[in-house]
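In the working numbering, each residue's number is its place in the sequence shown (first place is 1) plus 95. Following: one structure in structure tokens, then a few remarks.
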Amino acid sequence: MKVLVTGGLGFIGSHTVVALLESNYDVVVVDNLYNSKIVVKDRIKEITNKEFKTVICDVQDETKMEEIFKEEKIDAIIHFAGYKAVGESVSKPLEYYDNNLNSTITLLKLMKKYNVNNFVFSSSATVYGEPTRVPMFESDPVVEATSPYGETKVMIERILKDIAKVNKDFNVALLRYFNPIGAHKSGLLGEDPNGIPNNLLPYIAKVATGQLKEVNVFGNDYDTVDGTGVRDYIHVVDLAKGHVLALKKLESKPGLVIYNLGTGKGTSVLEMIAAYEKACGHKIPYVIKPRRPGDIASSYANCDKAKNELGFVCDYSVIDACRDGYHFQVEENKRNQK
Ligand code: WQD
């Protein structure tokens, strides 16, 4: 079975490509290197000892994308490619709507033309907006998201639902991720954003390796276990496994299915810092700062549906993810110094 993976050299995409190759899928990767590095291709081959095709192009480039559909007999698509910085999307809404929506529509038009009917979409817990309850269930309302980034996920989910209503041959899995963290145990793949990280774990990793001074804890007056923000942090290798299970589910032609991919447990910022200290073996300095605009107090998943329908169970804990993330950061820093 041949799977086209857009954004396949990115953080979640690369780990999913490893999982697909290890499950004996044929893979074609498309990536424009906007938020990834070409060296990731070689690292995936080093980990899996398997070959796969990589096309460096933008998913919005319909001419180049159509060449792939003509050359390759594609059976399914996993669509990661898209801008994903919540804060940046607030200041650049047009770029986010243009890139995220038009790349998806380009893909869907080519799928229709070439009769490709299996689609796994990288959605997000942000579609729940300010959740009406925690944990969040797939049946909870999809509301106006708290950022243009989140709105692109809401809109794309709506497009896919409308297509599935009229095209009974179309099988689509909406995977709503919570907070992906960690790295591949080899230390070859992980999250290493350019510049100062927006997200908590890559920021902690840079403090733990001496690249940044201290962690800024955005608010300690939330209605949570210790006043700091609570999130559902899922190891990226578990998340990748969830994509392979969702792909298998589509083989049973279920139409449209929706799954939360999380651990089902919430971890506060201070609990995460404590876990990271255990994983790296030394203290992580932090300072309490005012709340970050747009943040919600708590977000974590009910994962019963993925467990019951996909057999999805997480193998790794938050401490495992901290250990693997720290190992990757140390190894990446060594590689960058060469
Ligand atoms: C987590 C917690 C912060 C940074 C992310 C992605 C978004 C979406 C959902 C995929 C919050 C606190 C953070 C820091 C801190 N993913 N924090 N100091 O906001 O849940 O969103 O997951 O769709 O794309 O951005 O993740 O890691 O930014 O924040 O105290 O330096 O850590 O307040 O409580 P978030 P995050």
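No residue lacks a Cβ here, since even glycine has one placed at the ideal position from N, Cα and C. All of these numbers come straight from a predicted model, not from anything done at the bench.
Can you tell me whether DSSP reads residue 144 as helix, strand or coil?
What you label residue 144 is simply residue 49 of the sequence shown in a count that begins at 1. In this structure, residue 144 counts as coil in the three-state DSSP scheme.
Going by the C-beta, is residue 109 closer than 7 Å to any heavy atom of the ligand WQD?
Within the sequence shown, the letter at position 14 stands for residue 109. No.
Please classify residue 423: does DSSP put it in a helix, a strand, or coil?
Numbered from 1 along the sequence shown, position 328 holds the residue referred to as residue 423. Reduced to three states, the DSSP call for residue 423 is helix.
By DSSP's criteria, residue 97 is part of a beta bridge. Which residues make up the other side?
The residue given as residue 97 occupies position 2 in the sequence shown. In the DSSP assignment, residue 97 forms a beta bridge with 121.
What is the residue span of the beta strand (DSSP E) that residue 275 lies within?
To locate residue 275, count along the sequence shown from 1; it is residue 180. Per DSSP, the continuous beta strand (DSSP E) segment holding residue 275 begins and ends at 274-276.
I need the DSSP call for residue 323, collapsed to helix, strand or coil.
Here residue 323 is taken as the residue at index 228 of the sequence shown, counted from 1. In the structure shown, the three-state DSSP call for residue 323 is coil.
Give the single residue among 197, 206, 174, 210 whose Cα lies nearest to the Cα of residue 218.
Numbered from 1 along the sequence shown, position 123 holds the residue referred to as residue 218. The candidate whose alpha carbon is nearest that of residue 218 is 174.
Would the beta-carbon of residue 105 fall within 8 Å of that of residue 125?
Your numbering for residue 105 matches position 10 in the sequence shown. Your numbering for residue 125 matches position 30 in the sequence shown. Result no, Cβ atoms of residue 105 and residue 125 do not sit closer than 8 Å.
Residue 326: CB within 7 Å of a non-hydrogen atom of the ligand WQD
In the sequence shown, counting from the first residue as 1, residue 326 sits at position 231. Checking the Cβ of residue 326 against the ligand WQD gives yes.
Identity of the residues DSSP links to residue 150 by a beta bridge:
As a first step, residue 150 must be located in the sequence shown, where it is residue number 55. DSSP output for residue 150 lists 125 as bridge partner(s).
Cβ of residue 294 versus every heavy atom of the ligand WQD: is any distance shorter than 7 Å?
Sequence index remark: in the sequence shown, residue 294 carries index 199 (1-based). Relative to the non-hydrogen atoms of the ligand WQD, the Cβ of residue 294 comes within a distance shorter than 7 Å of at least one.
Could you tell me whether the Cβ atoms of residue 253 and residue 353 are closer together than 8 Å?
The residue you call residue 253 lines up with position 158 of the sequence shown. The residue you call residue 353 lines up with position 258 of the sequence shown. No. Outside cutoff.
How about residue 122 and residue 150: do their beta carbons lie closer than 8 Å?
Translated into positions along the sequence shown, residue 122 becomes position 27. Translated into positions along the sequence shown, residue 150 becomes position 55. Taking 8 Å as the cut-off, the beta carbon of residue 122 is found no closer than this to the beta carbon of residue 150.
Just to check, is the beta-carbon of residue 209 closer than 7 Å to a non-hydrogen atom of the ligand WQD?
Mapped onto the sequence shown, residue 209 falls at position 114. Checking every heavy atom of the ligand WQD against the Cβ of residue 209, none is found closer than 7 Å.
Closest to residue 319 by C-alpha separation, out of 229, 185, 160, 213, would be which residue?
The count along the sequence shown starts at 1 and reaches residue 319 at position 224. Of 229, 185, 160, 213, the residue nearest in Cα terms is 229.
Rounded straight-line distance, which links the Cα of residue 224 to that of residue 244:
To locate residue 244, count along the sequence shown from 1; it is residue 149. To locate residue 224, count along the sequence shown from 1; it is residue 129. Here the alpha carbons of residue 224 and residue 244 stand approximately 11 Å from one another.
With distances taken Cα to Cα, identify the nearest neighbour of residue 401 among 337, 425, 391, 411.
The sequence position of residue 401 within the sequence shown is 306, counting from 1. The shortest C-alpha to C-alpha distance from residue 401 to any of 337, 425, 391, 411 is the one to 337.
Heavy atom of the ligand WQD within 7 Å of residue 333 beta-carbon
For the purposes of this step, residue 333 is taken as the residue at position 238 of the sequence shown. Within the chosen limit of 7 Å, the ligand WQD does not reach the beta carbon of residue 333 with any heavy atom.
In terms of alpha-carbon separation, which member of 310, 425, 215 lies closest to residue 108?
By one-based count along the sequence shown, residue 108 stands at place 13. Ranking the options by Cα distance to residue 108, first place goes to 215.
Counterpart residues of residue 355 in DSSP-defined beta bridges
What you label residue 355 is simply residue 260 of the sequence shown in a count that begins at 1. According to DSSP, residue 355 bridges with 271.
Considering only the beta carbon of each residue, do residue 275 and residue 288 sit closer than 8 Å?
Residue mapping note: residue 275 aligns to position 180 of the sequence shown, counting from 1. Residue mapping note: residue 288 aligns to position 193 of the sequence shown, counting from 1. It is not a contact, given that the beta carbons lie outside the stated cut-off.
Unbroken alpha helix (DSSP H) run spanning residue 338, endpoints
Start at 1 with the first residue of the sequence shown, and residue 338 comes out as number 243. 331-345 is the extent of the alpha helix (DSSP H) around residue 338.
Look at the Cβ atom of residue 220, then the Cβ atom of residue 231, and state whether they are nearer than 8 Å.
By 1-based counting over the sequence shown, the position of residue 220 is 125. By 1-based counting over the sequence shown, the position of residue 231 is 136. Closer than 8 Å, so yes.
Taking the C-alpha atoms as reference points, what is the distance between residue 391 and residue 324?
One-based indexing of the sequence shown puts residue 391 at position 296. One-based indexing of the sequence shown puts residue 324 at position 229. Cα-Cα distance, rounded: 7 Å.
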